[in-house]
Amino acid sequence: MPPSVLRYLIGRDPGCAIPIADDSISRRHAQIALDGAQIRVEDVGSSNGTFLIRQGQSRKLDKEEIVFSTDTLQFGSVQLTVKELLDNLKPPPAPSAAPKASMIRCACGMVKTQGEKCPGCGQ
Ligand SMILES: [Zn+2]
Numbered sequence: 079m080p081p082s083v084l085r086y087l088i089g090r091d092p093g094c095a096i097p098i099a100d101d102s103i104s105r106r107h108a109q110i111a112l113d114g115a116q117i118r119v120e121d122v123g124s125s126n127g128t129f130l131i132r133q134g135q136s137r138k139l140d141k142e143e144i145v146f147s148t149d150t151l152q153f154g155s156v157q158l159t160v161k162e163l164l165d166n167l168k169p170p171p172a173p174s175a176a177p178k179a180s181m182i183r184c185a186c187g188m189v190k191t192q193g194e195k196c197p198g199c200g201q
């Protein structure tokens with residue numbers, strides 16, 4: 079699986095990327111995969127099923143399927159548009175961001191970057 083695919087779990091478990099507190103939702107209900115511009119959704123063994131509602135037609139997902147931001151998904155009895163789902167995604171963990179320079183207060187009272195010269199007193 080290429081590493082560029084981001085996968086997010088949807089479910090009642092608060093640890094899910096998209097937690098939905100509803101009794102009709104399984105703890106791990108469905109998974110959304112972002113693969114570049116492509117969005118795919120699959121049910122991960124939920125009790126009440128995941129449904130794709132497109133152009134007024136609802137059908138149960140039995141495999142991973144490509145969806146569009148205009149589609150609506152139903153998890154148990156909860157309906158969300160794909161766009162709403164994407165809006166609710168927690169941002170993925172930042173890829174090892176450079177450590178921020180720590181600011182300290184110099185003896186002279188100015189705030190300076192640790193390890194650099196103070197703009198106030200030059201120390
Ligand atoms: Zn100083």
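When we follow this note's numbering, the leftmost residue of the sequence shown carries the number 79, and every step to the right adds one. We put the CB at the ideal spot given by N, CA and C, even for glycine.
Only exposed fits C186, as fewer than 16 other CB atoms lie within 10 angstroms of its CB. Rounded to the nearest angstrom, the gap between the Cα atoms of H107 and N126 is 9 Å.
In the DSSP assignment, E162 falls within the unbroken alpha helix (DSSP H) covering 160-165.
Secondary structure note for S136: its beta strand (DSSP E) is the uninterrupted segment 135-138. Relative to ligand 1, G198 has its C-beta within less than 7 Å of a heavy atom. Checking the 7 Å criterion, the Cβ of A95 is out of range of every heavy atom belonging to ligand 1.
Sequence-distant partners of D91 (beyond 5 residues in either direction) whose C-beta falls short of 8 Å from its own C-beta, in its chain, are P97, R105, R106.
For L164, there are no CB contacts under 6 Å within the same chain when 5 residues up- and downstream are skipped. Taking the C-beta atoms as reference points, L158 is found no nearer than 8 Å to T148.
When distances are taken from the beta-carbon of A108 to the heavy atoms of ligand 1, even the shortest one reaches 7 Å or more.
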